[in-house]
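A short worksheet on the structure shown next.
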Amino acid sequence: MKPYINRYPECDYKGRTRALSDAMELLQGKWKVLIIAVLCCRGQKRFSELHQEVEGISAKMLTRELQVLELNLLVTRTVCSTKPVTVKYEITPYGKTLEKIVFQLMDWGKEHRRYIMASTQPVNS
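Residue numbers (our numbering): -15 to 109.
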């Protein structure tokens, strides 16, 4: 049996995969990255505005996902003393550190869609 040779010694494989696992666990699911994207692109939003912008999410799920994002210091929640009470959500400076990654995912998704669409076009004989 051949010994394993690390072709990338600068890469702390175990440490980095643990970090990736942590990130994936935090951002898992259908909605968190979309919520982050809306807040990065559109700025501070009231709950109802956010609910409209994240298509398909239920109010209950949006509440739950915002709580997780707030707990992890990615989003802030501000309760305004208006009548009726208004609640606003905003990406934190720490949450903004995900902006570049989210935009890269958006770009990759757009390119992937083009690639798949081009590869499924019928070939003219």
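Positions of the beta carbon are idealized from the N, C-alpha and C atoms, including for glycine.
The structure displayed is predicted, hence computed values, not measured ones.
Straight-line Cα distance separating residue j from residue i
| i | j | result |
| --- | --- | --- |
| Met45 | Glu74 | 18 angstroms |
| Val38 | Gly(-1) | 34 angstroms |
| Val22 | Leu34 | 8 angstroms |
| Gln36 | Gln105 | 34 angstroms |
| Lys14 | Lys29 | 20 angstroms |
| Gln40 | Met8 | According to the sequence provided, residue 40 is Gly. The question's Gln does not apply to it. Answer to the nearest angstrom: the Cα atoms are 22 angstroms apart. |
| Gly93 | Lys84 | 14 angstroms |
| Leu18 | Gln12 | 11 angstroms |
| Gln88 | Val69 | 36 angstroms |
Beta-carbon contacts of residue i that lie in its chain and below 8 angstroms, excluding the five residues immediately before and after
| i | result |
| --- | --- |
| Asn56 | Leu10 |
| Arg97 | none |
Element boundaries [beta strand (DSSP E), containing residue i]
| i | result |
| --- | --- |
| Glu33 | Glu33 -> not in any beta strand (DSSP E); alpha helix (DSSP H) instead, spanning 31 to 37. |
DSSP beta-bridge partners of residue i
| i | result |
| --- | --- |
| Val59 | Ile75 |
| Cys24 | Paired residue(s): none; Cys24 is not in a bridge. |
Residue from the options whose Cα sits closest to the Cα of residue i
| i | options | result |
| --- | --- | --- |
| Cys25 | Ala102, Ser103, Met90 | Met90 |
| Pro77 | Glu54, Ser103, Gln88 | Glu54 |
Where the alpha helix (DSSP H) through residue i begins and ends
| i | result |
| --- | --- |
| Ser103 | 83 to 103 |
6 angstroms CB neighbourhood of residue i in its chain, flanking five on each side removed
| i | result |
| --- | --- |
| Lys72 | Gln28, Arg30, Thr62 |
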